[in-house]
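Chemist: The numbering used here numbers the first residue of the sequence shown as 17 and each following residue consecutively. Backbone N, C-alpha and C define an ideal beta-carbon position, used for all residues, glycine too. In this text, all values refer to a predicted model and were calculated from it rather than measured experimentally.
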Amino acid sequence: MSVKDFKLHGRIFSEIHREVDGICEFAAFAAGRWIWGREFLEVRSPIDLKVIARIPKLGWDDINHVLDVVYSVGRWKIRDIPGWKRLNMLDRIAELMEENKKDLINSLVFNSGKTRLQAEGEVNASIDRLRRADMDSRKIYGEYVPGDWDPTTVETEAIIRREPLGVVLAIIPFNYPLFDTVSKLVYSVIAGNAVVVKPPSADPIPVILFAKLVEESGFPGESFSVLTIPGKESDRLVSDDRIQAISFTGSSKTGKRVIQLAGIKQFIMELGGGDPAIVLSDADLHVAAKMIAAGVYSYAGQRCDAIKLILVAKDVYGEFKEKLVSEFSRAVVGDPRDEKTAVGPLICPEAVEEMLKCIDEAIKAGGNLLYGGRRLGETYVEPSLVEILDKRTLRGLKLYMEEVFAPVAIITDFNDVDEAIEIANGRRYGLDAAIFGYNLDTIRKLIRFLEFGAIYINDMPRHGVGYYPFGGRKESGIGREGIGYSVEQVTAYKTIVYNFREKGVWRYLE
Ligand code: NAP
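1. Are the CB atoms of P62 and T395 within a distance shorter than 9 Å?
2. Could you tell me if the beta carbon of R319 falls within a distance shorter than 8 Å of some heavy atom in the ligand NAP?
3. Can you give me the Cβ contacts of F516 inside the same chain, cut-off strictly under 8 Å, excluding the 5 residues immediately before and after it?
4. Per DSSP, which residues does M285 bridge with? Please list them.
5. Given 8 Å as the limit, is there contact between the stretch 223 to 233 and the stretch 103 to 111, that is, 3 or more CB pairs closer than that?
6. Pick out the complete alpha helix (DSSP H) segments inside the stretch 81 to 139, 4 residues or longer, and give them in chain order.
7. Have a look at V274 and V254 and give me their C-alpha separation to the nearest angstrom.
8. Taking D448 as part of the beta strand (DSSP E), name the residues at either end of that continuous run.
9. For L24, tell me which candidate among G453, I68 and A436 has the shortest Cα-Cα distance.
10. Along the chain, which unbroken stretches of the beta strand (DSSP E) at least 3 residues long are found entirely within the stretch 380 to 425?
11. Between the stretch 276 to 289 and the stretch 427 to 434, can you find at least three pairs of beta-carbon atoms closer than 8 Å?
12. The ligand NAP and R273: does the residue's C-beta get closer than 8 Å to at least one heavy atom of that ligand?
13. Under 8 Å by Cβ, that's how I've got F29 and L340 pegged, so tell me the actual separation to the nearest angstrom.
14. Smallest Cα separation from R319: which of L327, I363, S345 and V348?
15. Have a look at V213 and I188 and give me their C-alpha separation to the nearest angstrom.
16. Among G99, D144 and D96, which residue has its Cα nearest to the Cα of M113?
17. Please give me, in chain order, every unbroken run of the beta strand (DSSP E) with length at least 3 that falls completely inside the stretch 233 to 258.
18. So for F516, helix, strand or coil by DSSP?
19. Report all residues from its chain with a CB closer than 6 Å to the CB of V348; omit the five preceding and five following residues, and keep chain order.
20. Which value, in whole angstroms, describes the spacing of the CA atoms of P399 and R391?
21. Confirm the yes/no value for this check: CB of T168, any heavy atom of the ligand NAP, distance under 8 Å.
22. Answer yes or no: do A422 and E370 have a C-beta to C-beta separation smaller than 9 Å?
23. Taking only three categories from DSSP, how would you classify A207?
24. Would you be able to state if there are at least three C-beta pairs under 8 Å between the stretch 242 to 251 and the stretch 281 to 288?
25. For chain D, is any of its Cβ atoms less than 9 Å away from the one on K330?
26. From what residue to what residue does the beta strand (DSSP E) around A293 run?
27. Does the distance between the C-beta of K306 and the nearest non-hydrogen atom of the ligand MG fall short of 8 Å?
28. Cα separation between E377 and L413?
29. Contact between the stretch 289 to 308 and the stretch 474 to 491 is defined here as three or more beta-carbon pairs at a separation below 8 Å; is this criterion met?
30. Nearest-angstrom Cα distance between H33 and A44?
31. Pick out whichever of A210, L325, Y387 and K380 has its Cα sitting closest to the Cα of R346.
32. Can you tell me which of the three DSSP states H302 falls into?
Spelled out as structure tokens, the structure:
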């Protein structure tokens, strides 16, 4: 693959990139201006690790200036645009995304290593998210509180409004660079906030392209920025007082650091996951095997809602295992541009190495490798399934304790649902769980005891466009993302008390 393969077609993007020494160099969108920067960060494609672009590495001077503009001008400008006009702007961005779909899809294929189908899915979900912004707007109502119920507040009343906080910092993970940027922009802007985006360093190109579409929509430039700096140099940004809310999606480890540094702010934290799937005795094993296999290896397991732990009722364990291995064996690993590919590359070689190290640890501890375990290239690896029947061993393994962000899962059996609940809840994460089966009483019990943000019955966990709210418990996060469910975290209550004492408004007091 060469730079010639990664080409932008839309003329709209011509001002924000240039070719230098055969490499595409992008500018960054800094509060209404495109800036090129003095230093650059290299962007590699996970397909073959070749450099496909360079982006500016912004310094503190640039960032400080952006925060000044966004804080002093941008947060007021966006709030002063009437809601219906803000909705129209979001609609216009959706239209521009439709018009430039080809480039957006290509950026996700080349930069994020997604298959064309997955890339298309992410672009479509982003467009849908923008178009459903009106549903978020229905959640910004306030409340009326009568004063009658306490002797000290009689003859007064209050209106409790929801107000924008000001500036939301949106920190984006590599696995959904476009959708997460769009989603965080939508609910922040509907609530009346300005947005500063910190894109992932591995695949910032989809975010930079999106910034151009935001600018073209007529969105006030001072109210939006994309700050291209490495995460490890972002401490000062995160702790800055000009930011009132942080919407972070990423690993639990980084999330903890962000919370510690940020100080007193409001947070949406969408953190690590890796979900359990529980297969009951009366499950449709064929359907469960298909869905669980896809749940493990889709986007090479690099999804927060990927299945990482498979718990199967003992009486169907053998039969289910066979079906699952057969599903794994059908998954074609390869170049994401190839239509046959189901499992594309991992984001970097280190992710492959981490996965293989964890499999090795499990095998040394007595586990059986049921499928996979072979590296097929620097960033390519077979989807893998490791069987661990000894529960004490299971609990000590990295594959159980950590989120290994790759196409690998462990499978074990259980005697009764209490055991399944205990193993599923034993991990530090609580994003989603899947249950396959039909016995209503058993399912109801599982729903009651599983400590997760969402439970999928006879389906693999998938957050999609966020039509249903998602978000985690325990180390998987704080707050919810999804249409209508996030405005709460990016707004503040303001209580307005009206005093009508002795004005004769309440006749019964005369
Ligand atoms: P990550 O390494 O934690 O990075 C996430 C973002 O944080 C990146 O933009 C990163 O920048 C930035 N960052 C790193 N250190 C920072 C710091 N000190 N201050 C501010 N920002 C900092 O996560 P990832 O590998 O990109 O994404 C995968 C993770 O996201 C997985 O754990 C996955 O489960 C989670 N995720 C969760 C959800 C959910 O809904 N719960 C959804 C998607 C993904 P750089 O790229 O420059 O390092």
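Modeler: Here's the rundown:
1. yes
2. At least one heavy atom of the ligand NAP lies less than 8 Å from the C-beta of R319.
3. Around F516, the same chain offers E171, T172, E173 and W522 as residues with beta carbons nearer than 8 Å, after the five sequence neighbours per side are excluded.
4. F264 and I494
5. yes
6. 91 to 95, 99 to 115 and 117 to 128
7. 7 Å
8. D448 to F452
9. I68
10. 384 to 387 and 400 to 403
11. no
12. yes
13. Contact flag wrong, Cβ pair sits at about 44 Å.
14. I363
15. 7 Å
16. D144
17. 240 to 242
18. coil
19. K356, T357 and A358
20. Whole-angstrom Cα-Cα distance: 10 Å.
21. no
22. With contacts defined by Cβ atoms closer than 9 Å, A422 and E370 form a contacting pair.
23. coil
24. no
25. Although the question refers to chain D, the structure presented lacks it and comprises just one protein chain.
26. D291 to V295
27. Summarising the ligand content, the structure contains the ligand NAP and does not contain the ligand MG.
28. 7 Å
29. yes
30. Rounded to the nearest whole angstrom, the CA to CA distance from H33 to A44 is 10 Å.
31. Of A210, L325, Y387 and K380, the residue nearest in Cα terms is Y387.
32. helix
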